[in-house]
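S.K.: I'd like to ask you about the structure that follows.
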Amino acid sequence: MALTEERAIIGALSPSRAGDFMTCPLLYRFRVIDQLPEKPSPAAVRGTLVHAVLERLYDLPAGARTVAAAQDLLEPQWRRLLDEAPEYGGLFADDEERDRWLTEARGMVERYFTLEDPSRLEPAEREMYVEAVLDSGLLLRGYIDRLDVAPTGEVRVVDYKTGSAPGPDFEAKALFQMRFYALALWRLRGAVPRMLQLMYLGNGEIIRYVPDEADLRATERKVQALWEAIERSLRSREWRARRSRLCDWCDHQSLCPEFGGTPPPVPDRDPGLSSRRSSHRAASDEL
80 MALTEERAII GALSPSRAGD FMTCPLLYRF RVIDQLPEKP SPAAVRGTLV HAVLERLYDL
140 PAGARTVAAA QDLLEPQWRR LLDEAPEYGG LFADDEERDR WLTEARGMVE RYFTLEDPSR
200 LEPAEREMYV EAVLDSGLLL RGYIDRLDVA PTGEVRVVDY KTGSAPGPDF EAKALFQMRF
260 YALALWRLRG AVPRMLQLMY LGNGEIIRYV PDEADLRATE RKVQALWEAI ERSLRSREWR
320 ARRSRLCDWC DHQSLCPEFG GTPPPVPDRD PGLSSRRSSH RAASDEL
């Protein structure tokens, strides 16, 4: 779903990279500027697997979208992921550990059926790439797990999460991603989505949020302010580390000043974006 209108692009931002900068500017630098490699984690790959199963579940006729049919998709999708990324095979110490991991994925797929009945849904889009340009020239882009459109035209944005629903302190951060998508859709289509829905397959909870124009204008101001902060870091070449509980899962502790490390010299990189991309899901975000 790409724009045809030509406009000068000053840069691009996705919800995940915006989240990186809010979490830790140095993490954003390592991922976007340095493009340092990161090891895949079992949790992240499991999320990719479960998303693939739920995407392909809707290829089946409505009456065939059963728990058993979804479970039958797990093994072939796991084999497909291994073919595309053989390094995933090294995630587990032995077959027993891999089987436990697959059992957890099966549990998440089964839990999905307790949250909604897929036989009664016909998504308008799945794994939809969307991009929109703000008046400033900042390009927003990302992948939406599912877009539902009612016969009356109302739009629901759905995102699957394979973790558990966050507590009140972290709910706003989770909803920022959904507001980001809603903002992009609003700027692209001219209509505010009716509903934003986060489905947590780790514990079977749903968070729903009804946005309005004022809400999305506030999100646009926040996204623009984030980009301006990124540009200041680009000019100053200063990317501050921000310590948090998320550091426990960071691959770059050896280079982080918070852990006694020294970042490498900042590489030179043009912050402009010369062309728009309709990249596949795994593509890295760019400035």
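For the sequence shown, the working numbering assigns the number 80 to the initial residue and increments by one for each residue that follows.
Just so it is clear, CB atoms sit at the ideal spot from N, CA and C, and this is done for glycine as well.
Within the same chain, show all residues whose beta-carbon is closer than 8 Å to that of Arg-179, passing over the 5 residues directly before and after it, in chain order.
M.R.: Correct list: empty, nothing qualifies.
S.K.: For Gln-332, does the count of other Cβ atoms within 10 angstroms reach 16, so buried, or fall short, so exposed?
M.R.: Its Cβ having fewer than 16 others within 10 Å, Gln-332 is exposed.
S.K.: Spatial neighbours of Gly-351 within its chain, please: C-beta separation below 8 Å, excluding the five flanking residues on both sides.
M.R.: Model confidence at Gly-351 stands at a pLDDT of 46, short of 50, so the residue's coordinates are unreliable and nothing is read from them.
S.K.: Could you tell me the alpha carbon to alpha carbon distance between Pro-119 and Val-129, rounded to whole angstroms?
M.R.: So the alpha carbons of these two residues sit roughly 15 Å apart.
S.K.: Going by DSSP, which residues form a beta bridge with Met-278?
M.R.: In the DSSP output, where bridge partners are listed per residue, Met-278 has Tyr-239, Ile-285.
S.K.: What are the partner residues of Gly-90, as DSSP defines its beta bridges?
M.R.: Looking at the DSSP assignment, Gly-90 forms a beta bridge with Leu-217.
S.K.: Just to confirm before moving on: does the CB-CB distance between Ala-253 and Glu-284 stay below 7 Å?
M.R.: No, the Cβ-Cβ distance between Ala-253 and Glu-284 is not below 7 Å.
S.K.: Once the 5 residues before and after Asp-99 are set aside, which same chain residues still bring their CB inside 7 Å of it?
M.R.: Here the set comprises Leu-106, Tyr-107, Arg-110.
S.K.: For the candidate residues Val-345, Leu-92, Glu-210, whose alpha-carbon lies nearest to that of Arg-316?
M.R.: Among Val-345, Leu-92, Glu-210, the Cα nearest to that of Arg-316 belongs to Val-345.
S.K.: Report the option in Phe-255, Tyr-191, Gly-246 whose CA atom is closest to the CA atom of Ala-148.
M.R.: Cα-wise, what sits closest to Ala-148 is Tyr-191.
S.K.: Using DSSP bridges, identify the partner residues of Arg-225.
M.R.: Note: Arg-225 sits in a beta bridge opposite Arg-205, Val-237.
S.K.: Take Thr-193 as the anchor and find which of Cys-103, Gly-281, Asp-294 has the nearest alpha-carbon.
M.R.: Checked all of Cys-103, Gly-281, Asp-294; the closest Cα to Thr-193 is Gly-281.
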